[in-house]
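Trainee: The structure is given below, and queries will be raised subsequently.
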Amino acid sequence: MGFNIQGRKWLLCLLLGYSLITAPTFAATPFDRLQVPAQVTERATQSLLLDIARAGGRLVAVGEQGLVLLSDDGGDHWRQAEVPVSVLLTALSFADEQQGWAVGHDGTVLHSTDGGAHWSLQLDGNRINALRVEQLEAELDALSLEAEADPVVQENLEYALDDALFALEDGPNMPLLDVWFADPLHGFVLGAYGQLLQTRDGGNSWQTLGHRLPNPDRFHLNSLLATSSGDLYIAGEAGLLLRSSDSGNSWEALESPYEGSLFAMAELDGLWLMGLRGNLFHSPDGEHWQALELDATATLNGALAVDYKLLLLGQGGLLQVGGPAGFAPLLQQRSRQSLSAALVVGSQLLLVGEGGIQRKALPAGAAQ
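If you use mature numbering (1 follows the signal peptide of the UniProt record, and there is no 0), the sequence shown corresponds to residues -27 to -1, 1 to 341, in order.
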């Protein structure tokens, strides 16, 4: 028996326009959220939360205003962690029970070495912008030394450098939307406008890879999935679908079954893609896709693989279970608040989203 959460993305418009369309939990005046620690609030468990993960026996959830919540008793009680920023946190990944990373707005990358109890700012949008400029300038310098440099490659690098210089002047305004670490050293963060960065030393140094992707329009990168075969997949805006078969060193564009935005992926008897307006696709091999009809048109934010079934989570409280033969509602949801991520803990389903943390009893046979 095993449970695995894969994928959890809100609509990017929610993430980018969060401060405009979401009532703040705390009184706020304009300030640099990268410089202001997360505040303690009694309403933390009712706040907007976007991801939840395990750090050994501990549960960790992240969300608005830099909130990181911890539970050491299966979700019965929660407490806030110490966090040095107050940006919206969108995703997290633990490589083991101690080493974890969380990402969010303003290019935020947080690192924890104690199972999520304390966090340090490892990377932010200012440093990402500077890294892009440094690496692109270095690549252009190296290209200029080649006797027969490809003019198309040079033109693309020059265009990317112009864009990076503009971003450096504009500031850290591009969110990161997903993070995945294969082990405590090797990991990726990705997000809006084609951002992709890789580290091979636990985040002490980072390499920008976005300009090397087959993504010339810099579509948003919403989700990364590591499969049991070792392949990595990225799903994004405008049906963007990428695959790497060499641990992320190179990426190829795949033919996508959908031209709209894709927000999440999962692996269960093949691969699953999900996105806007209830669009859901299944593939046995990652290349040939079949569309599945749902009795709802809500945007799908994520999926929870529970042994031989897939739980879908979405806008408006959508929660359905099924597989290639079809899906049906798992529970009668009274709340219309959107769901973003989930974990199964014993016989309970822990959901996070627009209304904070929800606990639901799994119906008999739901995980059979």
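All residues carry an ideal CB built from backbone N, CA and C; glycine is no exception.
No experiment lies behind these values; they were computed from the predicted model shown.
1. Quick one: grab the DSSP three-state call for phenylalanine 139.
2. Note down the Cα distance separating alanine 111 from aspartate 151, rounded to an integer number of angstroms.
3. Pick helix, strand or coil for aspartate 24, following the three-state DSSP scheme.
4. Could you tell me how far apart the beta carbons of residue 377 and leucine 235 are, in whole angstroms, since I believe they sit closer than 8 Å?
5. Measuring CA to CA, which of Gly47, Asp190, Gly326 and Glu240 is closest to alanine 17?
6. Count the other CB atoms within 10 Å of the CB of valine 56; is the residue buried (16 or more) or exposed (fewer)?
7. Between which residues of its own chain and threonine 2 is the CB-CB distance below 6 Å, once the five residues before and five after are set aside?
8. Taking the alpha-carbon of alanine 264 as reference, which of Asn252, Ala271, Asn146 and Gly160 has the nearest alpha-carbon?
9. With 16 other CB atoms within 10 Å as the buried threshold, where does phenylalanine -2 fall?
10. Enumerate in chain order the residues of its own chain whose CB-to-CB distance from alanine 155 is below 8 Å, with the five nearest sequence positions on each side excluded.
11. What residue does the beta strand (DSSP E) around alanine 315 start on, and which one ends it?
12. If we ignore side chains and look at the alpha-carbon of each, how far apart do residue 345 and alanine 11 end up?
13. Buried or exposed for glycine 203, please, with buried defined as at least 16 other CB atoms from any protein chain shown within 10 angstroms of its CB.
14. For serine 311 versus glutamine 293, is the C-beta distance shorter than 8 Å?
15. Excluding sequence positions up to five away, which residues of its chain have a Cβ less than 7 Å from the Cβ of alanine -5?
16. Are glycine 36 and arginine 332 closer than 8 Å when you measure CB to CB?
17. Can you list, in chain order, the residues of its chain with a C-beta nearer than 6 Å to that of histidine 184? Leave out the 5 residues immediately preceding and following it.
18. Quick one: using the 10 Å Cβ neighbour count with 16 as the cut-off for buried, is glutamate 210 buried or exposed?
19. State the Cα-Cα distance for the pair proline 230 and leucine 214, rounded to the nearest angstrom.
20. When DSSP labels each residue in this structure, what does tyrosine 166 get in the three-state scheme?
21. Output the residue ranges of the beta strand (DSSP E) runs that lie fully inside the segment 73 to 142 and measure 3 residues or longer, sorted by chain position.
22. Check glycine 287 in the structure and name its three-state DSSP category.
23. Can you tell me whether asparagine 188 is buried or exposed, with buried defined as 16 or more other CB within 10 angstroms of its CB?
24. So, for alanine 90: in the same chain, excluding its five sequence neighbours on each side, which residues have a beta-carbon less than 6 Å away from its beta-carbon?
25. Assuming glycine 233 and leucine 249 are in contact, meaning their beta carbons sit under 8 Å apart, how far apart are those beta carbons, in whole angstroms?
26. Round the Cβ separation of tryptophan 74 and leucine 62 to the nearest angstrom and send it over; I've been treating them as touching at under 8 Å.
Mentor: Looking at the coordinates:
1. helix
2. 27 Å
3. strand
4. Any answer about residue 377 is impossible in this case: the structure gives the chain only from -27 up to 341.
5. Gly326
6. buried
7. Residue placement at threonine 2 is flagged as unreliable, the pLDDT there being 44, under the threshold of 50; the coordinate-derived value follows with that caveat. None.
8. Asn252
9. Here the model assigns phenylalanine -2 a pLDDT of 41, short of 50, so the residue's position is not dependable and the matter cannot be decided.
10. Ala68, Ala199 and Ser220
11. 312 to 318
12. The question about residue 345 has no answer, for the chain in this structure spans -27 to 341.
13. exposed
14. no
15. Confidence in alanine -5 is poor, its pLDDT being 38 and thus under 50, which makes the residue's placement too unreliable to answer from.
16. no
17. Ala133
18. buried
19. 9 Å
20. helix
21. 73 to 77, 81 to 85 and 93 to 96
22. strand
23. buried
24. Ala54
25. 4 Å
26. About 11 Å separates the two Cβ atoms, so there is no contact after all.
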